[in-house]
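Chemist: In terms of the numbering used here, the numbers along the sequence shown are unbroken and rise by one, the last being 164.
Glycine included, every Cβ here is placed at the ideal spot set by N, Cα and C.
One structure follows; several queries about it will come next.
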Amino acid sequence: MDPMMEQAEELERDMLARSLVIASFKGVLERPSFLMIYPPPPPQRFAQFDILDYIEYEKPGEYGEKKSSSHGLDMAHQSDEVKAFIEELQLGDLVKLGWNHDYVTRSSDGGATFSKSPERPVWLLERAPVIVLTVTQSGPGMVGGHDVELTNMAGNEAAVLS
3 MDPMMEQAEE
13 LERDMLARSL
23 VIASFKGVLE
33 RPSFLMIYPP
43 PPPQRFAQFD
53 ILDYIEYEKP
63 GEYGEKKSSS
73 HGLDMAHQSD
83 EVKAFIEELQ
93 LGDLVKLGWN
103 HDYVTRSSDG
113 GATFSKSPER
123 PVWLLERAPV
133 IVLTVTQSGP
143 GMVGGHDVEL
153 TNMAGNEAAV
163 LS
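In structure tokens, the structure reads:
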């Protein structure tokens, strides 16, 4: 984060969108910095998640991120608690992930000058239960007869009951 912004006072925070999802952890990726300075800055690290399902989604206005199939968290902008939790995750772990898409106004001189930028603070990150199943029943005349199919949160077949 910019050292000047760390000292700046937050004047206003507008929520553009709020998401709560079930997601699968895809790992921490590194992106090299393309700044042409010497010495080059360290690569940026992003925790990557594939979104399996939205539990809640709110976008009260015109602006704000839309629903998507994946979400990345910039590790440099996460709390120590979130960073530690992510470091413990294994590839494919299911998590419940909640974040806001906020538009934040800051000033280091009482408001005479200010900057505005987006932030995506994480407000929930926990392991999701892996025993949640979806029940699909086919009736007479349907392919499969009177079977009941159980699928897990990832959409994989867990069992078929006849």
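#1: If you draw a straight line from the C-alpha of residue 11 to the C-alpha of residue 128, how long is it?
#2: Ignore the nearest five residues each way along the sequence and tell me which others in residue 74's own chain have a CB closer than 7 Å to its CB.
#3: When we look at the beta-carbon of residue 113 and count the other beta-carbons within 10 Å, is it buried (16 or more) or exposed?
#4: Look at the Cβ atom of residue 121, then the Cβ atom of residue 106, and state whether they are nearer than 8 Å.
#5: Using the Cβ count rule (16 or more neighbours within 10 Å means buried), how would you classify residue 143?
#6: In this structure, does DSSP put residue 85 in helix, strand or coil?
#7: Give the single residue among 14, 103, 81 and 90 whose Cα lies nearest to the Cα of residue 69.
#8: Tell me the rounded alpha-carbon separation between residue 59 and residue 25.
#9: Go through its chain and collect everything with a Cβ distance to residue 93's Cβ below 6 Å, but skip five positions before and after it.
#10: Which residues in the same chain as residue 116 place their Cβ atom closer than 7 Å to its Cβ, once the five residues preceding and following it in sequence are excluded?
Modeler: Inspection of the coordinates gives the following:
#1: 30 Å
#2: 48, 49 and 50
#3: exposed
#4: yes
#5: Any reading at residue 143 must be qualified, since the residue scores a pLDDT of 48, below 50, and its modelled position is unreliable; the value itself is stated next. Residue 143 comes out exposed.
#6: helix
#7: 103
#8: 14 Å
#9: 29
#10: 13, 107, 108 and 109
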